[in-house]
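Trainee: For reference, the structure I am asking about is given below.
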Amino acid sequence: MGADSGPGAPAAVPWRKVLYERQPFPDNYVDRRFLEELRRNIRVRQYRYWAVVRETGLIAQQVSCVAVFFTLWSYMEQGELVPSAVLWVCLGCALLGYGLYEILGGFCVRERTRLADLQSATIFLAFTFGFSPVLKTLTESVSTDTVHAMSAVMLLAHLVSFPYAQPSPPGSLSLNAALFGSVCLASRLPGALHTFTMLSCALLVFALWPCLLHRVRERAEWSFPWAAVLVCLAGVGGLGSLWPEGALLLSLALLTLTLVCPLLLVHLQRHKDNIHGPWDEAEIREDLSRFLN
Amino acid sequence: MAWACIAVSRTAPLNFHDDLIKANIFVSFLVDIALGLLLISWLYRENRISKLADTLVPVADRVAKELQELLEWLMGAPAGLKMNRALDQVLGRFFLYHIHLWISYIHLMSPFIERILWYVGLSGCLGLTFALSILSDIVALLTFHIYCFYVYGARLYCLKIYGLSSLWRLFRGKKWNVLRQRVDSCSYDLDQLFIGTLLFTILLFLLPTTALYYLVFTLLRLVMVLFQGVIHLSVDFINSLPLFAIGLRICRPYRLAEGVKFKVLCQEPGTPLHLMMEINPLKCSSVLQCYRTPTYSCYPKDSWAALCKKLFVGELIYPWKQKTAKTD
Chain A
1 MGADSGPGAP
11 AAVPWRKVLY
21 ERQPFPDNYV
31 DRRFLEELRR
41 NIRVRQYRYW
51 AVVRETGLIA
61 QQVSCVAVFF
71 TLWSYMEQGE
81 LVPSAVLWVC
91 LGCALLGYGL
101 YEILGGFCVR
111 ERTRLADLQS
121 ATIFLAFTFG
131 FSPVLKTLTE
141 SVSTDTVHAM
151 SAVMLLAHLV
161 SFPYAQPSPP
171 GSLSLNAALF
181 GSVCLASRLP
191 GALHTFTMLS
201 CALLVFALWP
211 CLLHRVRERA
221 EWSFPWAAVL
231 VCLAGVGGLG
241 SLWPEGALLL
251 SLALLTLTLV
261 CPLLLVHLQR
271 HKDNIHGPWD
281 EAEIREDLSR
291 FLN
Chain B
1 MAWACIAVSR
11 TAPLNFHDDL
21 IKANIFVSFL
31 VDIALGLLLI
41 SWLYRENRIS
51 KLADTLVPVA
61 DRVAKELQEL
71 LEWLMGAPAG
81 LKMNRALDQV
91 LGRFFLYHIH
101 LWISYIHLMS
111 PFIERILWYV
121 GLSGCLGLTF
131 ALSILSDIVA
141 LLTFHIYCFY
151 VYGARLYCLK
161 IYGLSSLWRL
171 FRGKKWNVLR
181 QRVDSCSYDL
191 DQLFIGTLLF
201 TILLFLLPTT
211 ALYYLVFTLL
221 RLVMVLFQGV
231 IHLSVDFINS
241 LPLFAIGLRI
251 CRPYRLAEGV
261 KFKVLCQEPG
271 TPLHLMMEIN
281 PLKCSSVLQC
291 YRTPTYSCYP
301 KDSWAALCKK
311 LFVGELIYPW
321 KQKTAKTD
């Protein structure tokens with residue numbers, strides 16, 4: 001039935017939008033105020049192109065992190081990198097990163113003491129060093145193709161399930177998938193020390209670097225794009241020294257991700273059509289803690 | 001109106017039932033002892049005991065050697081499967097050492113075996129069922145190492161499955177809530193995640209090796225269990241067969257009645273109706289069912305589905321359960 005000008009509308013008594021009163025109108029009658037409380041797209045954010053490009057830097061740098069890790073592994077497998085040297089470099093980077101983290105934190109209240117950090121580091125190193133002979137022989141009987149396929153799937157799962165919105169406590173599935181993939185790759189290396197080095201690198205790249213990056217973003221917003229660009233260049237450069245076509249593919253992928261996808265997002269915003277009205281679930285806006293005491 | 005008179009037995013039916021069961025037990029016992037004495041006379045004639053003792057030690061040696069060859073085969077590349085070499089060697093050497101200990105034990109016992117067998121064979125005078133039970137126990141003692149291997153393999157496998165399922169939940173970021181008996185999400189620390197993933201990887205890649213050892217030893221154990229089950233079932237059968245009742249049914253069928261049937265003798269008008277009453281004897285299958293001696297029978301404890309689930313998870317199986325008086 002249409003609004004108001006339908007044939008079943010006696011004009012004497014006005015129609016009221018109540019259910020508890022018997023009215024002379026049919027049950028599905030609506031008047032001209034129908035859907036006047038409908039609102040369209042009230043909470044839609046208007047994305048600006050360069051802001052979105054800046055945010056996609058995070059995804060691009062994560063992809064490049066995976067590329068950097070893969071480069072390191074390839075060089076170690078070919079025997080061009082000495083594991084002890086890589087280990088010292090890792091240690092240096094870890095100390096540098098820790099110092100940077102502390103400085104950026106501004107010496108404010110910490111939720112973990114330094115002793116707890118030292119304990120964690122000791123546990124990592126002891127476990128990895130102790131298990132590296134076992135880890136080295138884990139995939140001896142598995143064929144190389146299977147190992148490569150498993151690592152690729154796991155690293156892809158890491159990229160897909162990474163918590164881009166809140167990277168600081170690393171997500172369980174993404175970190176575990178990355179570590180599983182790196183253990184699969186590390187077990188193919190020639191020696192137990194190589195395995196230990198590879199796992200330390202994996203820990204640095206996948207577990208500690210996102211925390212540092214998040215801290216950098218929070219405190220020094222201006223340096224985040226430079227850090228992302230640096231990591232992307234390192235990834236492309238490293239891959240290029242091994243496999244130039246791969247570097248080309250990676251740079252194409254990064255450019256698409258960073259420049260083309262935000263364009264698509266902004267372009268498709270026009271077609272957004274959300275409707276809101278009094279039928280939505282109620283949201284509590286005010287602060288209810290005043291009722292607690 | 002003609003009516004027939006029905007003879008009423010003087011003894012109440014319940015006493016008769018009890019008496020029959022007692023007679024059954026007595027006759028089974030006598031037959032058992034007779035068969036046992038037959039066995040003894042066969043065994044002790046022509047010095048068969050010493051021949052048996054002489055073959056026992058080589059048979060035990062042979063079994064141990066077969067097991068050794070099986071383990072060597074597992075330590076290689078069994079059936080083309082590729083196993084983790086380090087773990088394979090460790091497990092294989094561990095079990096080989098046990099077999100070596102077992103062989104030493106058997107050789108230590110070998111001077112006394114003939115004497116032991118002689119005295120054990122005398123126990124046949126207590127009945128064939130006794131001798132069969134002792135045979136079952138001797139077989140269990142001789143294959144004790146297979147039982148040990150099965151327990152080791154099953155425990156290792158069970159631990160591995162338990163660890164893997166728990167660490168798989170950690171992999172996805174979930175945890176088992178013991179209070180609510182369900183899986184909940186959980187935010188783990190960095191070190192917990194790291195060590196959990198390392199252990200998960202290790203357990204996952206070592207699973208095929210452990211599973212293979214578990215499978216082999218479980219199959220051996222199941223063969224032993226089957227053999228023991230057959231012996232127990234035959235002992236049960238001998239004990240519970242109601243021989244007396246069957247003899248009574250065959251020789252004097254009118255003692256065991258299922259009911260009566262009437263036959264018309266003469267039906268002439270003017271004279272009362274003459275009926276002849278005949279006993280309807282019990283069917284043989286009902287004799288067996290009714291007058292079975294209740295014994296400590298053993299029957300399978302789990303259904304097939306429960307058994308398969310226990311085998312899959314790695315729980316130890318004791319599939320023959322004795323029916324005891326108290327319920328637990």
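Chains A and B are the protein sequences, given in the same order.
Under the numbering used here, the first residue of the first sequence carries the number 1, and numbering increases by one thereafter.
Under the numbering used here, the first residue of the second sequence carries the number 1, and numbering increases by one thereafter.
Note that beta-carbon positions come from the ideal geometry of N, C-alpha and C, so glycine has one too.
Ignore the nearest five residues each way along the sequence and tell me which others in B/Ile-113's own chain have a CB closer than 7 Å to its CB.
Mentor: On the second sequence, residue 113 of chain B is found 113 positions in, with the first residue counted as 1. These residues qualify, in order along the chain: Ala-53, Leu-56, Val-57.
Trainee: Going by Cα to Cα distance, which pick from B/Phe-144, B/Leu-142, B/Cys-284, B/Phe-171 is closest to A/Met-154?
Mentor: By 1-based counting over the first sequence, the position of residue 154 of chain A is 154. That would be B/Phe-171, whose Cα lies nearest to the Cα of A/Met-154.
Trainee: I'd like to know whether the C-beta of B/Thr-210 is nearer than 8 Å to at least one C-beta of chain A.
Mentor: Stepping through the second sequence from its first residue, residue 210 of chain B is reached at position 210. No, no contact with chain A.
Trainee: From which residue to which residue does the beta strand (DSSP E) around B/Val-183 run?
Mentor: In the second sequence, counting from the first residue as 1, residue 183 of chain B sits at position 183. Segment 182-185, the beta strand (DSSP E) holding B/Val-183.
Trainee: When you check each C-beta in the stretch 182-211 of chain A against every C-beta of chain B, which residues fall closer than 9 Å?
Mentor: Of all residues in the stretch 182-211 of chain A, Val-183, Cys-184, Ser-187, Leu-199, Leu-203, Ala-207, Leu-208, Cys-211 have a Cβ within less than 9 Å of some Cβ in chain B.
Trainee: According to DSSP, simplified to helix, strand and coil, what is B/Phe-26?
Mentor: Your numbering for residue 26 of chain B matches position 26 in the second sequence. Three-state result, B/Phe-26: helix.
Trainee: Whether or not the stretch 310-317 of chain B and the stretch 252-260 of chain B are in contact is what I'm after, with contact meaning three or more pairs of Cβ atoms, one per stretch, closer than 8 Å; do they touch?
Mentor: They do not touch, by the three-pair rule.
Trainee: Rounded C-beta distance between A/Leu-159 and A/Gln-62? I'm assuming under 8 Å.
Mentor: Counted from its first residue, the first sequence places residue 159 of chain A at position 159. Counted from its first residue, the first sequence places residue 62 of chain A at position 62. Confirmed, about 6 Å.
Trainee: Counting only beta-carbon atoms, is B/Leu-307 nearer than 8 Å to chain A?
Mentor: Position 307 of the second sequence, counted from the first residue, corresponds to residue 307 of chain B. No, B/Leu-307 does not count as interfacial toward chain A.
Trainee: Please confirm whether A/Phe-127 has its beta-carbon closer than 8 Å to some beta-carbon of chain B.
Mentor: For the purposes of this step, residue 127 of chain A is taken as the residue at position 127 of the first sequence. Yes, A/Phe-127 lies at the interface with chain B (some Cβ there is under 8 Å from its Cβ).
Trainee: By Cβ distance below 7 Å, which residues in the same chain neighbour B/Ala-64 in space, the five residues on each side in sequence not counted?
Mentor: The residue you call residue 64 of chain B lines up with position 64 of the second sequence. Closer than 7 Å at Cβ, skipping near neighbours: Ile-99, Trp-102, Ile-103.
Trainee: What would DSSP say about A/Ala-186, mapped onto helix, strand or coil?
Mentor: Here the question's residue 186 of chain A lines up with position 186 in the first sequence. Reduced to three states, the DSSP call for A/Ala-186 is helix.
Trainee: Along the stretch 198-230 of chain B, what residues have a CB closer than 8 Å to any CB found in chain A?
Mentor: Listed by position along the chain: Leu-198, Phe-200, Thr-201, Ile-202, Phe-205, Leu-206.
Trainee: Roughly how many angstroms lie between the CA atoms of B/Lys-309 and B/Ser-303, to the nearest whole one?
Mentor: The residue given as residue 309 of chain B occupies position 309 in the second sequence. The residue given as residue 303 of chain B occupies position 303 in the second sequence. Those two C-alpha atoms are separated by around 10 Å.
Trainee: Does the distance from the CB of B/Ser-133 to the CB of B/Val-235 come in under 8 Å?
Mentor: On the second sequence, position 133 is the one that residue 133 of chain B refers to. On the second sequence, position 235 is the one that residue 235 of chain B refers to. For B/Ser-133 and B/Val-235, yes; Cβs fall inside 8 Å.
Trainee: Here's a check: name, in chain order, each residue in its chain whose Cβ is nearer than 7 Å to the Cβ of B/Leu-67, leaving out the five neighbours to either side.
Mentor: Here residue 67 of chain B refers to the residue found at position 67 when the second sequence is read from its first residue. Excluding residues within five positions, the ones whose Cβ falls inside 7 Å are Ile-99.
Trainee: Using a threshold of 8 Å, state whether the C-beta atoms of B/Gly-196 and B/Cys-186 are closer than that.
Mentor: The residue given as residue 196 of chain B occupies position 196 in the second sequence. The residue given as residue 186 of chain B occupies position 186 in the second sequence. No. Outside cutoff.
Trainee: DSSP on A/Phe-34, reduced to helix/strand/coil?
Mentor: In the first sequence, the residue the question calls residue 34 of chain A occupies position 34. Note: A/Phe-34 maps to coil in three-state DSSP.
Trainee: So which residues on chain A does B/Asn-177 lean against when the C-beta distance must stay under 8 Å?
Mentor: Numbered from 1 along the second sequence, position 177 holds the residue referred to as residue 177 of chain B. Neighbours of B/Asn-177 on chain A: none; closest Cβ ~16 Å, over 8 Å.
Trainee: Considering only their Cβ atoms, is the gap separating B/Ala-60 from B/Leu-142 smaller than 8 Å?
Mentor: Reading the second sequence from its first residue, position 142 is the one you call residue 142 of chain B. Reading the second sequence from its first residue, position 60 is the one you call residue 60 of chain B. In contact: B/Leu-142 and B/Ala-60 (Cβ atoms closer than 8 Å).
Trainee: For A/Gln-269, count neighbouring C-beta atoms within 10 Å of its own C-beta (all shown protein chains included) and say buried if the count is 16 or more, exposed if not.
Mentor: One-based indexing of the first sequence puts residue 269 of chain A at position 269. So A/Gln-269 ends up on the exposed side.
Trainee: Can you list, in chain order, the residues of the stretch 73-104 of chain B whose Cβ is nearer than 7 Å to any Cβ on chain A?
Mentor: Going along the stretch 73-104 of chain B in chain order, one finds Lys-82, Met-83, Asn-84, Arg-85, Ala-86 with a Cβ nearer than 7 Å to chain A.
Trainee: So B/Trp-379 is in the beta strand (DSSP E); what residue range does that whole segment cover?
Mentor: This structure cannot settle anything about residue 379 of chain B, because the visible part of chain B is limited to 1 through 328.
Trainee: Step through the CB atoms of chain A and report whether any lies within less than 8 Å of the CB of B/Asp-184.
Mentor: Counted from its first residue, the second sequence places residue 184 of chain B at position 184. Not an interface residue.
Trainee: For B/Ser-165, would you say it is in contact with chain A, using Cβ-to-Cβ distances shorter than 8 Å as the test?
Mentor: Walking along the second sequence from the start, residue 165 of chain B turns up at place 165. No, its Cβ sits nowhere closer than 8 Å to a Cβ of chain A.
Trainee: Is the beta carbon of B/Ile-161 closer than 8 Å to that of B/Val-313?
Mentor: Position 313 of the second sequence holds residue 313 of chain B. Position 161 of the second sequence holds residue 161 of chain B. In contact: B/Val-313 and B/Ile-161 (Cβ atoms closer than 8 Å).
Trainee: To the nearest whole angstrom, what separates the beta carbons of A/Cys-232 and A/Leu-204, a pair I think is in contact under 8 Å?
Mentor: For the purposes of this step, residue 232 of chain A is taken as the residue at position 232 of the first sequence. For the purposes of this step, residue 204 of chain A is taken as the residue at position 204 of the first sequence. With 8 Å as the limit, A/Cys-232 and A/Leu-204 do not qualify as a contact, their Cβ atoms being about 18 Å apart.
Trainee: Suppose you measure from the CA of A/Leu-328 to the CA of A/Ala-247; what does that come to, to the nearest Å?
Mentor: Chain A is shown from 1 up to 293; residue 328 of chain A falls before or after that span and cannot be answered.
Trainee: Are the CB atoms of A/Phe-69 and A/Ala-157 within a distance shorter than 8 Å?
Mentor: Taking the first sequence and counting its residues from 1, the one referred to as residue 157 of chain A is at position 157. Taking the first sequence and counting its residues from 1, the one referred to as residue 69 of chain A is at position 69. Not in contact: A/Ala-157 and A/Phe-69 (Cβ atoms no closer than 8 Å).
Trainee: I'd like the span of the alpha helix (DSSP H) that includes B/Met-75, first residue to last.
Mentor: Against the second sequence, residue 75 of chain B aligns to sequence position 75. Segment 48-75, the alpha helix (DSSP H) holding B/Met-75.
Trainee: Show which residues of chain A have a CB atom less than 7 Å away from the CB atom of B/Leu-193.
Mentor: Taking the second sequence and counting its residues from 1, the one referred to as residue 193 of chain B is at position 193. The contacting residues are Ser-172, Leu-175, Asn-176.
Trainee: Less than 8 Å between CB atoms is the rule here; does B/Leu-190 satisfy it with respect to chain A?
Mentor: Working through the second sequence from its first residue, we reach residue 190 of chain B at position 190. It does: the Cβ of B/Leu-190 has a partner Cβ on chain A nearer than 8 Å.
Trainee: Do A/Lys-272 and A/Val-44 have their C-beta atoms within less than 8 Å of each other?
Mentor: Position 272 of the first sequence, counted from the first residue, corresponds to residue 272 of chain A. Position 44 of the first sequence, counted from the first residue, corresponds to residue 44 of chain A. Yes, the pair counts as a contact, with Cβ atoms nearer than the cut-off.
Trainee: Within a Cβ cutoff of 7 Å, which residues of the same chain sit near B/Thr-129, ignoring the five residues on either side of it in sequence?
Mentor: In the second sequence, the residue the question calls residue 129 of chain B occupies position 129. Counting only Cβ-Cβ distances below 7 Å, and skipping sequence neighbours, we find Asp-32, Val-235, Ile-238, Asn-239.
Trainee: Look at the alpha carbon of A/Trp-15 and the alpha carbon of A/His-276, and state the distance between them as a whole number of angstroms.
Mentor: For the purposes of this step, residue 15 of chain A is taken as residue 15 along the first sequence, with counting starting at 1. For the purposes of this step, residue 276 of chain A is taken as residue 276 along the first sequence, with counting starting at 1. For A/Trp-15 and A/His-276, the distance between alpha carbons rounds to 24 Å.
Trainee: List the endpoints of the continuous alpha helix (DSSP H) containing B/Cys-125.
Mentor: Here residue 125 of chain B refers to the residue found at position 125 of the second sequence. Element bounds for B/Cys-125: n/a, residue is neither H nor E.
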